[in-house]
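Novice: Below you will find the structure I want to go over with you.
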Amino acid sequence: LASGAGPNYDWNPFVFAETMTAHIARISSGDLSYGSVDYESLFAIGLTLFILTLGLNILSRWITNKFREVYQ
Numbered sequence: 005l006a007s008g009a010g011p012n013y014d015w016n017p018f019v020f021a022e023t024m025t026a027h028i029a030r031i032s033s034g035d036l037s038y039g040s041v042d043y044e045s046l047f048a049i050g051l052t053l054f055i056l057t058l059g060l061n062i063l064s065r066w067i068t069n070k071f072r073e074v075y076q
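With the working numbering applied, the sequence shown covers 5 to 76.
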C-alpha cells in the first residue's frame, strides 16, 4: 500500500497496520465467493465501523447537550 501498511497485524503498537476501511477496499476489489471468510468479514467490519460511528455520535451529542451554555 502507499502508506506502508500491510494486511498483517502485530501486537506491537509501533508497527504499521491496515485500517478497517483499507481492508474493506482491498478485499472487495477482487472476486469473492459467497459465504467465504473474506466475504463475511466485509459485513462484520462494516457493522463494526457503523456501531463505532453511531456510538461516538451518541456520546458527542450527549456531551454537547450536557455542557451547552444557553445565552439570553
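Virtual Cβ for every residue (Gly too), placed ideally from N, Cα, C.
Assign D14 to one of three DSSP states: helix, strand, or coil.
Specialist: Counted from its first residue, the sequence shown places residue 14 at position 10. In this structure, D14 counts as coil in the three-state DSSP scheme.
Novice: In three-state DSSP terms, what is V19?
Specialist: Position 15 of the sequence shown, counted from the start, is the residue given in the question as residue 19. Of the three classes helix, strand and coil, the one that applies to V19 here is coil, per DSSP.
Novice: Please report the distance separating the alpha-carbon of S37 from that of Y43.
Specialist: As a working mapping, residue 37 is identified with position 33 in the sequence shown. As a working mapping, residue 43 is identified with position 39 in the sequence shown. S37 and Y43: Cα-Cα distance of roughly 7 Å.
Novice: Following the continuous alpha helix (DSSP H) through E44, name the residue where it begins and the one where it ends.
Specialist: Position 40 of the sequence shown, counted from the start, is the residue given in the question as residue 44. Looking at the DSSP string, the run of the alpha helix (DSSP H) that includes E44 is V41 to K70.
Novice: What three-state label does DSSP hand M24 in the structure shown?
Specialist: The residue labelled residue 24 in the question sits at position 20 within the sequence shown. If DSSP states are grouped into helix, strand and coil, M24 belongs with the helices.
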